[in-house]
Amino acid sequence: MSAIADSPPVVVLAQAGKGYWASVWSRLIKDKVAMTALAVILVIVLAAIFAPYIAPADPFKGSMLRRLKPIGFPGYPLGGDELGRDMLTRLIYGGRLSIFMGVLPVLCAFVVGSSIGIFAGYVGGWINTLLMRIIDVFFAFPSVLLAIALSGALGAGILNSIVSLTIVFVPQIARVAEAVTTQIRTRDYVEAARVSGAGAFTIVRMHVLGNVLGPIFVFSTSLISVSMILAAGLSFLGLGVKPPEAEWGLMLNTLRTAIYSQPLVAALPGLMIFMVSISFNLFSDGLRSAMEVKQ
Amino acid sequence: MTGVIGLPAHVPELGEDRGGPATPLLAVSGLIKHFGKRGGFLSKAGAVVRAVDGVSFDVAKGETLGIVGESGCGKSTVARLIMQIIKPDAGELLFDGEAVGSAELDIRSFRKQVQMIFQDSYASLNPRLTVEDTVAFGPRVHGASRAQSITLAHDLLHRVGLEPGRFAGRYPHEISGGQRQRVNIARGLALNPRLLILDEAVSALDKSVEAQVLNLLLDLKAEFGLTYIFISHDLNVVRFMSDRVMVMYLGKVAEVGPADAVFSKPGHPYTEALLASMPSMDPDNRTQEAPITGDPPNPINPPPGCRFHTRCKYAADVCKVDEPLLYGVGDMHLAACHIANPASGHPLATQAKVAA
Amino acid sequence: MLGYIVKRIIYVTPVALGVSVVCFLLVHLAPGDPLTSVLPIDATAEQQAQMRAIYGFDRPLIVQYGLWLWKVLHADLGNSIASGRPVLSEVSRAVVNSLILAAVATLIGFTFGSLFGFVAGYFRNSPLDKAASALSVFGVSVPHYWLGMVLVIVFSVQLNWLPATGAGPGGSDHWRPDAEHLRYIILPAITMSVIPMGIIARTVRALVADILAQEFVQALRAKGLSEWGVFKHVVRNAAPTALAVMGLQLGYLLGGSILIETVFSWPGTGFLLNAAIFQRDLPLLQGTILVLAMFFVVLNLIVDVLQTALDPRIQRG
Chain A
2 MSAIADSPPV VVLAQAGKGY WASVWSRLIK DKVAMTALAV ILVIVLAAIF APYIAPADPF
62 KGSMLRRLKP IGFPGYPLGG DELGRDMLTR LIYGGRLSIF MGVLPVLCAF VVGSSIGIFA
122 GYVGGWINTL LMRIIDVFFA FPSVLLAIAL SGALGAGILN SIVSLTIVFV PQIARVAEAV
182 TTQIRTRDYV EAARVSGAGA FTIVRMHVLG NVLGPIFVFS TSLISVSMIL AAGLSFLGLG
242 VKPPEAEWGL MLNTLRTAIY SQPLVAALPG LMIFMVSISF NLFSDGLRSA MEVKQ
Chain B
21 MTGVIGLPAH VPELGEDRGG PATPLLAVSG LIKHFGKRGG FLSKAGAVVR AVDGVSFDVA
81 KGETLGIVGE SGCGKSTVAR LIMQIIKPDA GELLFDGEAV GSAELDIRSF RKQVQMIFQD
141 SYASLNPRLT VEDTVAFGPR VHGASRAQSI TLAHDLLHRV GLEPGRFAGR YPHEISGGQR
201 QRVNIARGLA LNPRLLILDE AVSALDKSVE AQVLNLLLDL KAEFGLTYIF ISHDLNVVRF
261 MSDRVMVMYL GKVAEVGPAD AVFSKPGHPY TEALLASMPS MDPDNRTQEA PITGDPPNPI
321 NPPPGCRFHT RCKYAADVCK VDEPLLYGVG DMHLAACHIA NPASGHPLAT QAKVAA
Chain C
1187 MLGYIVKRII YVTPVALGVS VVCFLLVHLA PGDPLTSVLP IDATAEQQAQ MRAIYGFDRP
1247 LIVQYGLWLW KVLHADLGNS IASGRPVLSE VSRAVVNSLI LAAVATLIGF TFGSLFGFVA
1307 GYFRNSPLDK AASALSVFGV SVPHYWLGMV LVIVFSVQLN WLPATGAGPG GSDHWRPDAE
1367 HLRYIILPAI TMSVIPMGII ARTVRALVAD ILAQEFVQAL RAKGLSEWGV FKHVVRNAAP
1427 TALAVMGLQL GYLLGGSILI ETVFSWPGTG FLLNAAIFQR DLPLLQGTIL VLAMFFVVLN
1487 LIVDVLQTAL DPRIQRG
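Protein chains in written order, with this note's numbering: chain A, 2 to 296; chain B, 21 to 376; chain C, 1187 to 1503.
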């Protein structure tokens, strides 16, 4: 998660236009790694959405007689958890909260962070300096620390976890948005538009937004992986979802005591987090290189 | 508005001649722009780049004024100051006799009459807009309907030599550098301006394409009755295009005069050196030694006296102390050199006077 | 150089002040009355008012901040509600353990990261390069708390080679560099080293590939310099950036260790934070976060100054 420590990868689009996204897609579809990652994400997301139709059992109904069963136990394809609930079912259901709580903060931060960053970058001057200094303050906290500090202060809960992570990502996205906007703002075509007598709003809508949202979006997708790990981590600490909900981070926590009796079953929820996180990372990398290609 | 005797006076439309042919289209006086290099509050007094340091000139209606100088001399800053892209520290602009930014001529209506063509044909086009949308943007902003502005855009594309049927729907990356610069020119014309500022408009183009674009510019000037300010570091191109030429050095005007006079009888040693550095077509006439050496001094700390004295082969003591004003060296031809002023005390001054 | 250091410190001061504001506000962000955790449930209104006055909660927020900052500047972070001891002494004990763990992890990460990065940069697009980039993606994508669990399962539960939790035998909460304690630090340190390893490998790979592609290296080779000589040039040019990244990673690990410390019951700041959160010990929470964030700010400053001193190409503006 300290991937954020690196300077934000600012992608400036070499060219764009009609068929731009079509050409990005045509390059992306040739990227086997990115496509595999996308497939993994899609399978897990679809499984989570249609969980009631495909899950073999009830995610909350357990049996003390069938606690901690190994993988392959009759009727329990992936074993049973510490309360005798079917692991496969809970892993499928767990995707709902885990992915929701990982993706939503990035989405919220994308909206808020790009607004702040584009505004700061376009206005420039002391307003920009002031906003960026405030953002510097948030960069003084390692993401994990800030997320846990905020959740810890706000208290456990799904909403608080989402709010905390949003606050963690807003400064990061705002900084990238500001950098890209500042770059675009001084382009000759923006000056040409100003020379045409267009107002600030028209210029931002016609000439700035289209050219900055792409790079900001790519950067934001690279945060989803971190967000997934952090969101599950908060639940793992008991700061997110509360039992008996099915959520991968929380499941990892409640199964910690089972590492001696059923180690493979205990490790399964973490494997899910890892698979989704690495898939988002690989897809984001592929998207970035597909968008960077110059003609 | 009514005239003195009660009859409605003729009120010129925007874009129409107001001051008559004798009034310069653009009169620039005392233009100053210093870029602050503001250090932290621990650093010494903030260094200041004197990009444009007291520049005055007129542009007559229908003429082409060429501005030449080495990179960093302030010619592009002058263009941006005229366009109001950056704000001057001091100086006044009169457009057809009316002060820019005054009640008679606000910035918006001034901008409609003055447009600019940028050097980098790629950076000056939004990669996400089609050629026709780029050209139509200005008229749209000024209230034309979509259909109107697209029709206008197609007409202009046709006039700059891009067949709308083939080019209107293309994106900047799908056309060549010369074609992009034609789009830029079409966009510059879309608001029907009276003055067009061309800032190194052909410098990035191949020589063959450059010639085509220059000829196009000459045709358009005649067709639309335009006035040009043509900025370039390329003396040949400036000579080809300009009626009058202004030479700039370190934020100041070194020399200004009719193009023929400036190129045949330069009045400033700097102009002389620039001309000597042009490669000659005649092999017998090639310069053996570099007529001008070294880089221009740092504009943060320009030398005192004449700014050119550090590189001038005629430099005398007076040049290190006194800053020369512009003195007449011929008909409508001025140079900022002590040699041109008999009273300056420069050893060559009287000699030059006799020669003239 | 001195001027540069002073300049950096002046630049960092407002950031540090901002960090203190955030830490101060954390307590006020907390829902409910911050007193609820101190007071008995059946406290009278009079008792509540009394406590409020003692803690200064009846004053305006800005005054409270001023008083708090004044005390912080005099090394007084208040007292822990749960234990009653000064927060500073609790934090400094824990911070030593965290620092040891983070330092060992950074060292492991740096050693292997640079090694992989060098190999990958030297043999670009070889299978080794592919393996190194796979490792860096793994490093930033793996939930490290889960990796810790997996390592415990393999090396403690299955193989029974290493202890699963704690900093030393018999619940020792002071890590000492002896053979017994060394066994305890191996698993958490390896778990933690995966993140900086990936990031350092990626940085070093890019640096090495960049330097090797530069003309001066080709000129050195053309002049007949041995590969060992070239290698020394590459190291000298890549070192400042790689060390800077390592320094920053140390700060990130120190602040981000809470999850790993929880998995391994390591008696560090992460463990302390966890306790503070669940006992709603707000002074302890505030103090721990302040210390960690300030540490990060100062570390950034040091890295910045050192990098400037080491790298002649960076202008000391």
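Even glycine gets a Cβ: it sits at the ideal position worked out from N, Cα and C.
Counting only Cβ-Cβ distances below 7 Å, Ile-1475(C) has contacts in chain A at Leu-146, Ala-150, in chain order.
Taking the Cα of Thr-1351(C) as reference, the smallest distance to any Cα among Arg-28(A), Thr-182(A), Ile-260(A) is reached at Ile-260(A). Met-207(A) reaches chain B at Asn-146, Leu-149, Phe-157, counting residues in chain order whose Cβ is nearer than 8 Å. By the neighbour-count definition (other C-beta atoms within 10 Å, threshold 16), Glu-124(B) is an exposed residue.
Between Ile-205(B) and Val-229(B), the CB-CB gap reaches or exceeds 8 Å.
Annotated as distal: Leu-224(A) and Ala-38(A), with beta-carbon spacing of 8 Å or more. Taken in chain order, the unbroken stretches of alpha helix (DSSP H) that lie wholly in the stretch 242-289 of chain A and span 4 residues or more are 249-255.
The C-beta separation of Val-1205(C) from Ala-1479(C) comes to about 5 Å, placing the pair in contact by the 8 Å criterion. Excluding residues up to 5 positions away in sequence, Leu-182, Phe-187 lie with their Cβ nearer than 8 Å to the Cβ of Gln-199(B) in the same chain. Each residue's CA atom was taken as its position, placing Glu-246(A) and Arg-176(A) some 36 Å apart. Beta-bridge partners assigned by DSSP to Arg-264(B): Leu-85(B), Pro-278(B). For Ser-278(A), a Cβ of chain C is located within less than 8 Å of the residue's own Cβ. When only Cα atoms are considered, Val-1340(C) and Ile-168(A) end up about 37 Å apart. Taking all protein chains in view, the Cβ of Trp-1347(C) is surrounded by fewer than 16 other Cβ atoms within 10 Å, so the residue is classified as exposed.
A straight-line Cα-Cα distance of about 13 Å links Leu-1398(C) and Gly-1303(C). Annotation: the continuous alpha helix (DSSP H) that includes Leu-209(B) extends over 197-209. In this structure, the CA atom of Leu-1492(C) is about 48 Å from the CA atom of Gly-50(B).
Two segments are said to touch when three or more pairs of C-beta atoms, one from each, lie closer than 8 Å; by this definition the stretch 37-52 of chain B touches the stretch 108-117 of chain B. Within the stretch 140-193 of chain A, the alpha helix (DSSP H) runs of at least 4 residues that lie entirely inside it are, in chain order, 144-155, 159-186. An exposed status is given to Tyr-54(A), since fewer than 16 other beta-carbon atoms sit within 10 Å of its beta-carbon. Collapsing the DSSP output to three states places Lys-1409(C) in coil.
Under the Cβ criterion (8 Å, minimum of three pairs), the stretch 201-210 of chain A does not count as touching the stretch 139-147 of chain A. Linking Val-266(A) to Val-34(A) through their CA atoms gives a straight-line distance of about 28 Å. Separation of Ala-1320(C) and Leu-210(A) (C-alpha to C-alpha, rounded to the nearest whole angstrom) is 34 Å. At a cut-off of 8 Å between beta-carbon atoms, Ala-369(B) makes no contact with chain A. Among the residues of chain C, those whose CB is under 8 Å from the CB of Tyr-261(A) are Val-1343, following chain order. Counted as a single uninterrupted DSSP element, the stretch harbouring Gln-104(B) is not any alpha helix (DSSP H), since DSSP gives it neither H nor E.
DSSP, read as helix, strand or coil, puts Asp-1262(C) in coil. Ranked by Cα distance from Pro-344(B), the first of Asp-315(B), Tyr-269(B), Ala-296(B), Asn-318(B) is Tyr-269(B). Look at the stretch 138-225 of chain B and you find these whole runs of alpha helix (DSSP H), each 4 residues long or longer: 151-161, 166-179, 184-187, 197-209.
Gly-277(B) and Ser-122(B) have their C-alpha atoms spaced approximately 30 Å apart. A direct Cα-to-Cα measurement between Arg-1388(C) and Gly-92(B) gives close to 40 Å. Taking every protein chain shown into account, the CB of Ala-42(B) has fewer than 16 other CB atoms within 10 angstroms, so this residue is exposed.
By the Cβ rule, the stretch 56-64 of chain A counts as touching the stretch 77-87 of chain A, because three or more pairs are nearer than 8 Å. Not a single unbroken stretch of the beta strand (DSSP E) spanning 3 or more residues falls wholly within the stretch 19-46 of chain A.
Contact of Ala-224(B) with chain A is not assigned, every C-beta pair being separated by 8 Å or more.
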